[in-house]
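Number of protein chains: 4
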Amino acid sequence: MSDPAGRITDSFNAQGLMTTLGAKLTRIEDGEVSIALAPRPEISQQHGYIHAGALTSILDTACGYAALTVAPVDADVLTVEFKANFLRPALGDAVVAVGKVVKAGKTITVCSGELFASREGREELIAIMQATIANIAPRAHRE
Amino acid sequence: MSDPAGRITDSFNAQGLMTTLGAKLTRIEDGEVSIALAPRPEISQQHGYIHAGALTSILDTACGYAALTVAPVDADVLTVEFKANFLRPALGDAVVAVGKVVKAGKTITVCSGELFASREGREELIAIMQATIANIAPRAHRE
Amino acid sequence: MSDPAGRITDSFNAQGLMTTLGAKLTRIEDGEVSIALAPRPEISQQHGYIHAGALTSILDTACGYAALTVAPVDADVLTVEFKANFLRPALGDAVVAVGKVVKAGKTITVCSGELFASREGREELIAIMQATIANIAPRAHRE
Amino acid sequence: MSDPAGRITDSFNAQGLMTTLGAKLTRIEDGEVSIALAPRPEISQQHGYIHAGALTSILDTACGYAALTVAPVDADVLTVEFKANFLRPALGDAVVAVGKVVKAGKTITVCSGELFASREGREELIAIMQATIANIAPRAHRE
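Line order of the protein sequences matches chains A, B, C and D. If you use this note's numbering, the first sequence corresponds to residues 1 to 143, in order. If you use this note's numbering, the second sequence corresponds to residues 1001 to 1143, in order. If you use this note's numbering, the third sequence corresponds to residues 2001 to 2143, in order. If you use this note's numbering, the fourth sequence corresponds to residues 3001 to 3143, in order.
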């Protein structure tokens, strides 16, 4: 397939969890993808902040699609593992997860993710991720 | 507070994300907490499996509450960081995340998490987590 | 090659760092490898305990060789990434790193590592690792 | 103590492992510390490259001292955990680990590390780390 942005948008829209969380795909560039999320009680932890699991979900998804922008044509991607540090509570009007390719490989791509909250006109770094993504054969070739 | 199970149940019920995902708190023991989740399109990734972010959400929550069972009375817990490896797609009727305390400390507790899927009567290990949890002063004392 | 233990021993002996640290390969089983290390000023951090980097070196090596015991014949292994938590200072007469395969795959194997110190006749868990290892074609086939 | 650079240099010189590896403390700035290492057979893995454990040792040490530059006066630091991804073999004349503070806290500081190799006049990114460092009371106050 030769339209990575269209392919990523279709794939994102097929992710039930992204719809359930209320996440929006806001930017697709070569090696970089952003996903935004607004706080709601439905995605909170016990103190009302956005749950670390919801933050991780959009960080992971942003990293995976960033890897897909540099993957071989028709390859699919799969998260092998990730690690996230949570630096501050996610206060503010919205958060944005930015996934970036650090090193693209034939079978494995390493990405970094940063999650920012915008509050009163300034951005704060809320969480950081380091993720390992595998390129896999497209599903049609595997089944 | 002297009823850790009641306190954890109340806290779990106050987590909007757990309700949204459909997660159930299934076991609270000293140093160990389990949370179950059934697959639904609303929590899926693009191929229909449970999203890694949803799996991570219940692993993180199980680890956090496992840490809370051994925390000083009235302390609250906060996830400092975690790392998860995804071993297999989460196939089956349901998954269970089990969080266990590896080392309890005065300010930091380290937990491990395992996520199992039950399929056709047997359990498969789907994901593993290593998490660092901080004990923090209860909110009333911080604000 | 059909002698995994011999192959691992030869490879271990070719690792200059293992000799420099004074590490000993103490056990090779299917899916599990142990490496021992005794404290010495030459491998210490600033307070005299064994340096976290030396502990990580034997944990990583134990995990890598554990993965090699289950890798395709003639494949070589490469550490993609690892994460380690340090639970207690490494006090005692000696430490042992135990690497175990959690999930063996065609291209990626996930291992867990545990590092124990023996002190006054009992064992203490000092550090834990979660590692991702890649199977790669043997060098002769790559060059 | 009011001379962080002097304090870090003294502490570095007291680390037996750094001397054994041949590591050099090359830069101390507010929130950032660099450590260099040259390849030698004594610190190699089985194919002659610098061992991932040696790379991790200088990354961890650079992150720990970066955290120390922003820690409360007289506090000491301790590595809680780290995660490293290895992107390429460490080829070249020398490698440099750069540890940087991402978020300094009262009890916990999060750092990122990057390891570069210089080869034929250009720098390559070899490994990346995400590390959690705890501030602890100075030893005199603990014992």
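The C-beta atom is built at its ideal place from N, Cα and C for all residues, glycine as well. This structure is a prediction, so every number in the text was calculated from the model and none was measured.
Rounded Cβ spacing between residue 2052 of chain C and residue 2086 of chain C (contact assumed at less than 8 Å): Within the third sequence, the letter at position 52 stands for residue 2052 of chain C. Within the third sequence, the letter at position 86 stands for residue 2086 of chain C. Rounded to whole angstroms, the Cβ separation of residue 2052 of chain C and residue 2086 of chain C is 6 Å, and the two are in contact under 8 Å.
With distances taken Cα to Cα, identify the nearest neighbour of residue 2043 of chain C among D/3017, D/3055, D/3039. To locate residue 2043 of chain C, count along the third sequence from 1; it is residue 43. The shortest Cα separation from residue 2043 of chain C among D/3017, D/3055, D/3039 belongs to D/3017.
In terms of alpha-carbon separation, which member of D/3015, D/3092, D/3076, D/3129 lies closest to residue 3118 of chain D? For the purposes of this step, residue 3118 of chain D is identified with residue 118 of the fourth sequence, where counting begins at 1. That would be D/3092, whose Cα lies nearest to the Cα of residue 3118 of chain D.
Can we say the stretch 2093–2107 of chain C touches the stretch 2055–2064 of chain C, given the rule of at least three CB pairs closer than 8 Å? yes
Suppose you measure from the CA of residue 1033 of chain B to the CA of residue 1055 of chain B; what does that come to, to the nearest Å? Numbered from its first residue, the second sequence carries residue 1033 of chain B at position 33. Numbered from its first residue, the second sequence carries residue 1055 of chain B at position 55. Looking at the two C-alpha atoms, the distance is approximately 15 Å.
When burial is assigned at 16 or more other CB atoms within 10 Å of the CB, is residue 1180 of chain B buried or exposed? In the structure as shown, chain B starts at 1001 and stops at 1143, and residue 1180 of chain B therefore has no counterpart that could be examined.
Separation of residue 1079 of chain B from residue 38 of chain A, as counted between CA atoms: Within the first sequence, residue 38 of chain A is the residue found at index 38, counting from 1. Within the second sequence, residue 1079 of chain B is the residue found at index 79, counting from 1. The alpha-carbon atoms of residue 38 of chain A and residue 1079 of chain B are separated by roughly 21 Å.
Reference residue 2083 of chain C; option with closest CA among A/11, A/129, A/48, A/68: Within the third sequence, residue 2083 of chain C is the residue found at index 83, counting from 1. Among A/11, A/129, A/48, A/68, the Cα nearest to that of residue 2083 of chain C belongs to A/129.
Could you spell out the range, first to last residue, of the alpha helix (DSSP H) harbouring residue 52 of chain A? Within the first sequence, numbered from 1, the residue matching residue 52 of chain A stands at position 52. It spans 52–69 - the alpha helix (DSSP H) in which residue 52 of chain A sits, taken as one unbroken run.
Cα separation between residue 137 of chain A and residue 71 of chain A? Counting from one through the first sequence, the residue named residue 137 of chain A turns up at place 137. Counting from one through the first sequence, the residue named residue 71 of chain A turns up at place 71. In this structure, the CA atom of residue 137 of chain A is about 11 Å from the CA atom of residue 71 of chain A.
Give a yes or no on whether the C-beta atoms belonging to residue 1113 of chain B and residue 1090 of chain B are separated by under 9 Å. The residue labelled residue 1113 of chain B in the question sits at position 113 within the second sequence. The residue labelled residue 1090 of chain B in the question sits at position 90 within the second sequence. Cβ atoms of residue 1113 of chain B and residue 1090 of chain B: not closer than 9 Å.
Per the DSSP calculation, residue 44 of chain A is bridged to which residue(s)? Counted from its first residue, the first sequence places residue 44 of chain A at position 44. DSSP output for residue 44 of chain A lists A/50 as bridge partner(s).
What does a CB cutoff of less than 6 Å around residue 63 of chain A pick up in its chain, not counting 5 residues either side in sequence? Position 63 of the first sequence, counting from 1, holds the residue named residue 63 of chain A. Here the set comprises 99, 111, 113, 131.
For the stretch 1121–1136 of chain B, which residues have a CB atom closer than 9 Å to at least one CB atom of chain D, in sequence order? 1130, 1132, 1134
Nearest candidate by alpha-carbon position, reference residue 1027 of chain B, set B/1012, B/1073, B/1040: Working through the second sequence from its first residue, we reach residue 1027 of chain B at position 27. Comparing Cα positions, the closest option is B/1012.
Per DSSP, what are the beta-bridge partners of residue 2149 of chain C in this structure? Chain C is shown from 2001 up to 2143; residue 2149 of chain C falls before or after that span and cannot be answered.
Three-state class that DSSP yields for residue 1097 of chain B in the structure shown: Taking the first residue of the second sequence as position 1, residue 1097 of chain B is located at position 97. Three-state result, residue 1097 of chain B: strand.
On the DSSP bridge list, what partners appear for residue 1029 of chain B? Working through the second sequence from its first residue, we reach residue 1029 of chain B at position 29. Per DSSP, B/1032.
With distance defined between alpha-carbon atoms, name the residue in A/9, A/30, A/35, A/14 nearest to residue 23 of chain A. Along the first sequence, one-based indexing puts residue 23 of chain A at 23. The candidate whose alpha carbon is nearest that of residue 23 of chain A is A/35.
Taking only beta carbons into account, state which residues of the stretch 14–41 of chain A come closer than 9 Å to chain B, listed in chain order. 14, 15, 16, 17, 18, 19, 20, 21, 40, 41
Count the other CB atoms within 10 Å of the CB of residue 103 of chain A; is the residue buried (16 or more) or exposed (fewer)? On the first sequence, position 103 is the one that residue 103 of chain A refers to. Buried, by the Cβ-count rule.
Does residue 3113 of chain D come out as helix, strand or coil in the three-state DSSP assignment? The residue you call residue 3113 of chain D lines up with position 113 of the fourth sequence. The answer is strand: DSSP assigns residue 3113 of chain D an E or B state.
Below 7 Å between beta carbons is the criterion; list the residues of the stretch 3067–3083 of chain D that meet it against any residue of chain B, in chain order. Listed in sequence order: 3080, 3081, 3083.
Just to confirm my understanding: we take residue 1125 of chain B, look at its own chain, exclude 5 residues before and 5 after, and list those with CB closer than 8 Å. What are they? Walking along the second sequence from the start, residue 1125 of chain B turns up at place 125. Hits under 8 Å: 1087, 1088, 1114, 1115, 1116.
Neighbourhood of residue 3031 of chain D by C-beta distance below 8 Å, restricted to the same chain and skipping five residues each side: If you number the fourth sequence from 1, residue 3031 of chain D lands on position 31. These residues qualify, in order along the chain: 3066, 3069, 3070, 3100, 3101, 3104.
Drop a sphere of 10 angstroms on the beta-carbon of residue 1077 of chain B, count the other beta-carbons inside from all chains shown, and report buried for 16 or more, exposed for fewer. Position 77 of the second sequence holds residue 1077 of chain B. So residue 1077 of chain B counts as buried.
Reference residue 1999 of chain C; option with closest CA among D/3029, D/3025, D/3048, D/3021: Nothing about residue 1999 of chain C can be reported from this structure: the residues present for chain C run from 2001 to 2143 only.
Please state the DSSP three-state secondary structure of residue 1088 of chain B. Taking the second sequence and counting its residues from 1, one reaches residue 1088 of chain B at position 88. Looking at residue 1088 of chain B - three-state DSSP - the assignment turns out to be coil, as it is neither helix nor strand.
Interface residues of chain A facing residue 1158 of chain B [CB-CB closer than 8 Å]: Since the first residue shown for chain B is 1001 and the last is 1143, residue 1158 of chain B is missing from the structure and cannot be characterised.
Given residue 123 of chain A, which residues of its chain have a CB within under 8 Å of its CB, disregarding the five upstream and five downstream residues? Locating residue 123 of chain A in the first sequence gives position 123, counting from the first residue. Closer than 8 Å at Cβ, skipping near neighbours: 116, 117.
Nearest candidate by alpha-carbon position, reference residue 1005 of chain B, set B/1019, B/1047, B/1025: Within the second sequence, the letter at position 5 stands for residue 1005 of chain B. Comparing Cα positions, the closest option is B/1025.
Residues of the stretch 3099–3117 of chain D with Cβ closer than 9 Å to any Cβ of chain A, in chain order: 3102, 3103, 3105, 3110, 3112
If contacts are defined as beta-carbon pairs under 8 Å, then residue 3015 of chain D and residue 2015 of chain C qualify, I think. What distance do you get, rounded to the angstrom? As a first step, residue 3015 of chain D is located in the fourth sequence; it is residue number 15 there, counting from the start. As a first step, residue 2015 of chain C is located in the third sequence; it is residue number 15 there, counting from the start. With a Cβ gap of about 21 Å, residue 3015 of chain D and residue 2015 of chain C do not count as contacting.
In chain C, which residues lie less than 7 Å from residue 3060 of chain D when you measure between Cβ atoms? For the purposes of this step, residue 3060 of chain D is taken as the residue at position 60 of the fourth sequence. Residue 3060 of chain D reaches chain C at 2052, 2053, counting residues in chain order whose Cβ is nearer than 7 Å.
Member of B/1121, B/1108, B/1073 whose CA lies at the smallest distance from the CA of residue 1008 of chain B: For the purposes of this step, residue 1008 of chain B is taken as the residue at position 8 of the second sequence. Checked all of B/1121, B/1108, B/1073; the closest Cα to residue 1008 of chain B is B/1073.
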